[in-house]
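Q:
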Amino acid sequence: MNPGRPRRKKYRQLSHTADLGLRIRGATPEELFENAGAALTAVLTDRRRLRRQKVEEIEVEAPDLEALLVAWLNRLLYLYDVDAFLGREFQILELNPQSLKARATGETYDPERHLAGTAVKAATYHHLEVKNRNGRWEATVILDL
Amino acid sequence: MADKVKLRQLDDYRWEIPREGKMRTRGLVFASGKMLAKIQEDQSLQQVANVATLPGIEGPSMAMPDIHWGYGFPIGGVAAFNLEEGVVSPGGVGYDINCGVRLLRTHLARREVDGRIEELVNTLFRNIPSGLGSRRKDLKLTIPTLHEVMRYGAGWAVKNGYGHQGDLEHIEAQGRIPGADPELVSDFAMDRGKDQLGTLGSGNHFVEVGYVLEVFDEKLAGALGLFKDQVTVIVHTGSRGLGHQVCDDYIKVMLKAAAKYGIELPDRQLCCAPLSSPEGKRYLAAMAAAANFAFANRQMITHWVRESFEQVLQMGPKDLGLELIYDVAHNIAKIEEHVVNGKKKKLCVHRKGATRAFPPGHPETPAAYQKTGQPVLIPGDMGRYSFVLVGTEQALTETFGSTCHGAGREMSRHAALKMARGRSIVQELKAKGIIVRGAGRATIDEEISEAYKDVESVVEVAHGAGISKKVAKLKPLGVIKG
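As you go down the protein sequences, you meet chains R and G in turn.
All residue numbers for the first sequence refer to my numbering, where the first residue is 1478 and numbers rise by one.
All residue numbers for the second sequence refer to my numbering, where the first residue is 2 and numbers rise by one.
#1: Taking 8 Å as the CB-CB cut-off, is GLY1594 (chain R) touching chain G?
#2: Assuming ALA81 (chain G) and GLY60 (chain G) are in contact, meaning their beta carbons sit under 8 Å apart, how far apart are those beta carbons, in whole angstroms?
#3: Nearest chain G C-beta to LEU1574 (chain R) closer than 8 Å, yes or no?
#4: Report the residue ranges of all beta strand (DSSP E) runs contained in full by the region 161 to 219 of chain G; include only those spanning at least 3 residues, in chain order.
#5: Got a sec, what are the start and stop residues for the alpha helix (DSSP H) VAL456 (chain G) sits in?
#6: Under three-state DSSP, which class holds CYS272 (chain G)?
#7: Expressed to the nearest angstrom, what Euclidean distance is found between the alpha-carbon atoms of ARG117 (chain G) and GLN231 (chain G)?
#8: Look up HIS415 (chain G) in the DSSP assignment and say whether it is helix, strand or coil.
#9: Between ILE252 (chain G) and chain R, is the shortest Cβ-Cβ distance under 8 Å, so that the two count as touching?
#10: Give the residues of chain G in contact with GLN1490 (chain R), contact being defined as C-beta atoms less than 8 Å apart.
#11: Who are VAL437 (chain G)'s beta bridge partners in DSSP?
#12: Using the rule of at least 16 other Cβ atoms within 10 Å of the residue's Cβ for burial, across every protein chain shown, is VAL1532 (chain R) buried or exposed?
#13: My assumption, with CB atoms under 8 Å, is that LEU276 (chain G) sits in contact with LEU430 (chain G). Please give the rounded CB distance.
#14: Excluding five sequence neighbours on each side, which residues of the same chain lie with their C-beta closer than 7 Å to the C-beta of PRO267 (chain G)?
#15: Going by DSSP, what residue range makes up the beta strand (DSSP E) through ASN123 (chain G)?
#16: Counting contacts by CB-CB distance shorter than 8 Å, is ASN1551 (chain R) in contact with chain G?
#17: Suppose contacts are defined by Cβ-Cβ distances below 8 Å. Is PHE74 (chain G) in contact with HIS351 (chain G) by that definition?
#18: Is the beta carbon of VAL306 (chain G) sitting closer than 8 Å to the one on GLU173 (chain G)?
#19: Got a sec? Which residues, its chain only, sit under 6 Å from PRO367 (chain G) by beta carbon, not counting five neighbours each side?
#20: In angstroms with no decimal places, state the Cα-to-Cα distance between SER458 (chain G) and PRO1540 (chain R).
#21: Identify whether VAL49 (chain G) lies in helix, strand or coil by the three-state DSSP scheme.
#22: For GLU86 (chain G), which residues in the same chain have their Cβ closer than 6 Å to its Cβ, ignoring the five residues on either side in sequence?
#23: Between G:ASP12, G:LYS7, G:THR356, which has its C-alpha nearest GLY465 (chain G)'s C-alpha?
#24: Within the same chain, show all residues whose beta-carbon is closer than 6 Å to that of ASP446 (chain G), passing over the 5 residues directly before and after it, in chain order.
#25: Tell me, which residues are paired with GLN1490 (chain R) by DSSP?
#26: Is the CB of ASP1558 (chain R) under 8 Å away from at least one CB in chain G?
Put into C-alpha cells, the structure is as follows:
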C-alpha cells in the first residue's frame, strides 16, 4: 500500500473506554520523551497553532525510566494548570533512567485563539511500558481524562 | 485477557468471580445479564480480581453496575480493608479525589422557567469558570487560606459567605473529612489549586438545570422536598488540579511503600501502603485535605448558582428556595464502622466511582434523612436523565453501604467524536429541549448520549438488587459543560 519505507508516526492515540492511551515512538530515549511531550500537547489542543514564545526549563526525577515518563508528562500538566503553558516543541537536554533536564518551547493557552481539546487529569502507571524494540524505542502510557 | 476471568451467576443482579490464585477473597459484580456482555469486552473484571489480591481486604472485592475499565481499580469499584493488615491505595480513590455530585431543589415549577433557560445557562456559564484549565481571576488564594480550605472544607466556604450553615447538614461528612493535614499536601498541588477553587473544570463535569420528570415513591420524594415538575440543579465536579497532584504525589510514595512492605502488585497503579504505616496515614490525611477542597469547591459553585438564578429570574432567595438536598462524594476512601461476620469493625472503604448509600437510622445519615435513608444522586449523560435514590439496609450489610455513581462510558472518546462528526450535538439537544453550553466543542461531542450506558439500566440493577431505592427521575433543561 505504501511503497518504500513507511514513515513512522511519532505518536498515536489508542482508544480506551473511559480514558485515552498514547503509543509513542522514537529512535532514542531522548526522542521518545520529546515525542511524548508533543503527544500530550496534541491531546490538549491543536499543537501546530501554538507559537514559540515562551521557554520553560524543566527538571524531573523518578525511580526508573517508566516512572520518569509519567513524571515528565505530569510535570507538563502541572505547568499547564499553573501557568497555562503549553509546549509545542520539546528538547531533552539530559536523560538518564532516574532524571531528565528538558526545554519546552511554546506559549500561554489563549481560549480565543487556541482549540480547546480534551482535558487530561494525569498520566498513569496503568499498563505503562517503555521498551526498546529492535533498536527503536516505544512507550505506552494511559492518560486519565 | 478478559475471558480468563471466571464468572458464576448468583441471581438476576449478582455475579461472582470465584476466589482463585492469589485472590484473598471473591469478586462480586452487580450487573444484569445484558450489561455483562459489554463489561466482559474490557479488562474491568480482571481489575476486580486484582483488587481481591490486596492484603487485609474484608468481604468481597466489589463492582457496581456502572463498572468500567479504570486504571488499577475499576471504575465502580468498592473495596474495604481492615485497619490492622489492610491497605489504602490512591488508585482506589482516583485522581479526582472527592469528585462528587450535589442536588439542589427549588420552589419553582417547570413552567416558571419556560423561555428562561437559555439566559440561565448563559449566566451560569459566565459566573462559573469552566473548561480546560479553568481558573478564577478574581479569587487567587494565599497559602494560609488554602490551608484553611483544606482543613475545613465546605465549612470554610460557608464561613466566608458562600452559602449558609444549613447547607452543611446536607453534605456527606458535613462537607469536611476529619483528619485532613494540609502540611502533607505538596507545593505543586497547592500551586495547581490556588486559583481553581470555585471552578468546574472539564471532562464530564457539569452544572445542570433540570426538572423532576417522574416520582417513583411519593412519600420518599416528599421527605426529600421533591415534587413532579419541580426545577432542580445538579453540580458535578471535584478537587481539580490540587486533587490530581495529591494522587500523583502519593502514587509515587506508594510505589516505594509497596516494595518496602513487601506487597505484591499485579498492576503498578494498584500501589498501596498498610493503613497502619506512616505512608498510609499520610496519604489519608492528604486525601482528606484534597477532599475538603472539593467540598468547598462545590459549595462555592452552589453560591454562584443561587446568584445566577436570582439575577436571571429577579427573585429573592426565599422565593427561589434553592436548597441543598444532598452532596455525595464518589471518589473517596473513608474510615467507617461496619459489621463483619457479626462483629463491629473499623474499615477503610474505598469507593472509586461508587456512592455511599447509608440506610435510615444510621448515625452517619443526616438528621433530615433519618427516616428515608441517605439521598444518593446518580447523574446520567447530558441528553437523558438523572436519578435520585436513597440508601438501604441491604447496601449497608452487603456493599459496606455503597451503590453505583453514574452511567459509565461504553464508548471511547474517539468513537464518540467519530459518531458526532458532521453533526451539531448542540442543535440536536436543543431540538430535544436541552440547552447546552460548553467551553469547547470537543468536550460536548465526547459526552454525547450514545457514548454512555443508559443510566436507567444501571439504576434498575442497583434498585433491583436492593442496594438503593429509586425516588425520582430528573430530566435536563440546560447544561453547562467544562
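Ideal Cβ placement from N, Cα and C applies to all residues, glycine included.
A: For this structure:
#1: Taking the first residue of the first sequence as position 1, residue 1594 (chain R) is located at position 117. Closer than 8 Å to some Cβ of chain G, the Cβ of GLY1594 (chain R) qualifies, so yes.
#2: As a working note, residue 81 (chain G) is residue 80 in the second sequence. As a working note, residue 60 (chain G) is residue 59 in the second sequence. That pair is a contact at about 6 Å.
#3: For the purposes of this step, residue 1574 (chain R) is taken as the residue at position 97 of the first sequence. Note that residue 1574 (chain R) is Pro in the sequence shown, not Leu. Closer than 8 Å: no.
#4: Annotation note: the region 161 to 219 of chain G contains the following uninterrupted beta strand (DSSP E) runs of length 3 or greater, listed N- to C-terminal: 207 to 216.
#5: Indexing the second sequence from 1 puts residue 456 (chain G) at position 455. 456 to 465 is the span of the alpha helix (DSSP H), which, as asked, contains VAL456 (chain G).
#6: Against the second sequence, residue 272 (chain G) aligns to sequence position 271. Correct three-state label for CYS272 (chain G): coil.
#7: By one-based count along the second sequence, residue 117 (chain G) stands at place 116. By one-based count along the second sequence, residue 231 (chain G) stands at place 230. Between ARG117 (chain G) and GLN231 (chain G), the C-alpha separation is close to 15 Å.
#8: Counting from 1 along the second sequence, the entry for residue 415 (chain G) is found at position 414. In the structure shown, HIS415 (chain G) sits in a helix (DSSP, three-state: H, G or I).
#9: By one-based count along the second sequence, residue 252 (chain G) stands at place 251. Closer than 8 Å to some Cβ of chain R, the Cβ of ILE252 (chain G) qualifies, so yes.
#10: Position 13 of the first sequence, counted from the first residue, corresponds to residue 1490 (chain R). Simply HIS415.
#11: Along the second sequence, read from residue 1 onward, the residue named residue 437 (chain G) stands at position 436. VAL437 (chain G) is bridged to G:VAL480.
#12: Residue mapping note: residue 1532 (chain R) aligns to position 55 of the first sequence, counting from 1. So VAL1532 (chain R) ends up on the exposed side.
#13: Numbered from its first residue, the second sequence carries residue 276 (chain G) at position 275. Numbered from its first residue, the second sequence carries residue 430 (chain G) at position 429. So it is not a contact: roughly 45 Å between Cβ atoms.
#14: Start at 1 with the first residue of the second sequence, and residue 267 (chain G) comes out as number 266. So the qualifying residues of the chain are ASN51, THR54.
#15: Here residue 123 (chain G) refers to the residue found at position 122 when the second sequence is read from its first residue. Where ASN123 (chain G) is concerned, there is no enclosing beta strand (DSSP E), although the alpha helix (DSSP H) it sits in stretches over 118 to 128.
#16: Walking along the first sequence from the start, residue 1551 (chain R) turns up at place 74. Yes, ASN1551 (chain R) counts as interfacial toward chain G.
#17: What you label residue 74 (chain G) is simply residue 73 of the second sequence in a count that begins at 1. What you label residue 351 (chain G) is simply residue 350 of the second sequence in a count that begins at 1. Going by C-beta atoms, PHE74 (chain G) is nearer than 8 Å to HIS351 (chain G).
#18: Taking the second sequence and counting its residues from 1, one reaches residue 306 (chain G) at position 305. Taking the second sequence and counting its residues from 1, one reaches residue 173 (chain G) at position 172. Cβ atoms of VAL306 (chain G) and GLU173 (chain G): not closer than 8 Å.
#19: Taking the second sequence and counting its residues from 1, one reaches residue 367 (chain G) at position 366. Closer than 6 Å at Cβ, skipping near neighbours: GLU170.
#20: Counting from 1 along the second sequence, the entry for residue 458 (chain G) is found at position 457. Counting from 1 along the first sequence, the entry for residue 1540 (chain R) is found at position 63. Across the structure, SER458 (chain G) and PRO1540 (chain R) are spaced so that their CA atoms are roughly 44 Å apart.
#21: Working through the second sequence from its first residue, we reach residue 49 (chain G) at position 48. Looking at VAL49 (chain G) - three-state DSSP - the assignment turns out to be helix.
#22: Counted from its first residue, the second sequence places residue 86 (chain G) at position 85. So the qualifying residues of the chain are PRO56, GLY57.
#23: Your numbering for residue 465 (chain G) matches position 464 in the second sequence. Answer by Cα proximity: G:ASP12.
#24: Here residue 446 (chain G) refers to the residue found at position 445 when the second sequence is read from its first residue. If we look at ASP446 (chain G) and ignore the five residues flanking it on each side, its Cβ neighbours are LEU418, ALA421, ILE426.
#25: Mapped onto the first sequence, residue 1490 (chain R) falls at position 13. DSSP output for GLN1490 (chain R) lists R:LEU1499 as bridge partner(s).
#26: Within the first sequence, residue 1558 (chain R) is the residue found at index 81, counting from 1. Yes, contact with chain G.
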